[in-house]
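J.: For the sequence shown, position 24 (counting from the first letter as 1) is numbered 1472 according to my numbering, and the numbering increases by one without interruption.
We put the CB at the ideal spot given by N, CA and C, even for glycine.
Quick caveat: nothing in here was measured; it's all calculated off a predicted structure.
The structure follows.
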Amino acid sequence: MSTPASSWLEYNPTTGEPFIRLPSPHTNLILTPPRLGDADANYTTMQDPRVYKTLSGPPFPYLQRHATEWLALIVPQAADALREARAAEAAASAGAPVRVGSCPVRYIREVRADGSDVLLGDIDVHRCAYPDVADVEERLRLAKVNADRELGDPEIDWCIGDCLAAPYHGKGIMTAALAALMEHWLMPRMGVRKIRVETFEGNIGSVRVFEKNGFALEETVHWNLVTNCGVVNTGYHILWWRAP
Ligand SMILES: CC(C)(COP(=O)(O)OP(=O)(O)OC[C@H]1O[C@@H](n2cnc3c(N)ncnc32)[C@H](O)[C@@H]1OP(=O)(O)O)[C@@H](O)C(=O)NCCC(=O)NCCS
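Structure follows, in structure tokens:
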């Protein structure tokens, strides 16, 4: 497998897969695209109440086919993002400052001594959809305005979704993954200037990950949200990061 020359991403010399490596003390961790073969690991992660009770999106009960269908959706998205990144990198090398609208890497993997890797979690960037806005019409209007903004528009509200398999919680991994993603991709490649995240009220670990990366808790919106798994959440913490 040939390794494309690149300053934007590193590439696995054996598989050609792109990656971003986390800094010390997490240099054994990398961000890569998702793979179709990740379904079993995703399925296992989503069986744990320490994970599914904190999330509003995934179906419940989470079946093996949900993991397979999810990867069938996001693997091509990551491939599109990589194509966009390579085209932008080529244009940038010709002198033009170029922005991309997506990120080709999102899955957090631990690389073992023998070169194999284990899937630990997911960190995803997307345009904000304002799930805390109770008025559905207003929520959809805000999301459309945000989705329609031109690439490079500093007013775009970006959002982060993150999730780690339960055995890896509390080891500083997501804090480091978010820092690396922001430094190596969101700011220099996507020109991200504003990030708005929503976490369920009381998800202290999630709030801390964002605060440790420069986000500020600006608001807590109270409402009773019954998630797919039947948990009643009392509201959302809204945190913002704005470029200095
Ligand atoms: C929330 C989550 C992403 C945090 O990632 P993580 O790698 O475990 O977090 P870190 O180890 O980087 O910890 C960051 C901070 O949060 C604290 N923290 C982590 N988990 C915590 C918990 N359950 N309760 C209280 N504090 C917690 C850590 O102590 C650390 O703070 P400190 O440096 O002040 O001590 C992870 O626990 C997870 O995936 N949970 C399930 C899914 C989820 O909640 N996703 C977020 C949805 S918005």
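Would you say leucine 1687 and leucine 1665 are within 8 Å of each other, going by their C-beta atoms?
T.: Against a cut-off of 8 Å, the Cβ pair of leucine 1665 and leucine 1687 comes out as a contact.
J.: DSSP state of asparagine 1681, grouped into three classes?
T.: Residue state, collapsed to three classes: strand.
J.: Take arginine 1554 as the anchor and find which of Ile1468, Asp1580 and Lys1592 has the nearest alpha-carbon.
T.: With distances taken between Cα atoms, arginine 1554 lies closest to Ile1468.
J.: For the alpha helix (DSSP H) containing alanine 1529, list its first residue and its last residue.
T.: Unbroken alpha helix (DSSP H) run through alanine 1529: 1512-1541.
J.: At 4 residues or longer, and completely inside the segment 1642-1687: list those alpha helix (DSSP H) runs for me, N to C.
T.: If we require 4 residues or more, the alpha helix (DSSP H) runs fully inside the segment 1642-1687 come out as 1652-1659.
J.: List the whole-angstrom C-beta distance separating isoleucine 1621 from leucine 1477, where the pair is believed to meet the contact cut-off of C-beta under 8 Å.
T.: Rounded, the Cβ-Cβ distance is 7 Å, consistent with contact.
J.: DSSP beta-bridge partners for histidine 1574?
T.: Beta-bridge pairing links histidine 1574 to Cys1607.
J.: At the level of alpha carbons, what is the spacing between serine 1541 and alanine 1535?
T.: Computed Cα separation, rounded: 10 Å.
J.: So what does DSSP say about valine 1499, is it helix, strand or coil?
T.: In this structure, valine 1499 counts as helix in the three-state DSSP scheme.
J.: If you check the beta carbons only, do leucine 1612 and glycine 1569 fall under 8 Å apart?
T.: Cβ atoms of leucine 1612 and glycine 1569: closer than 8 Å.
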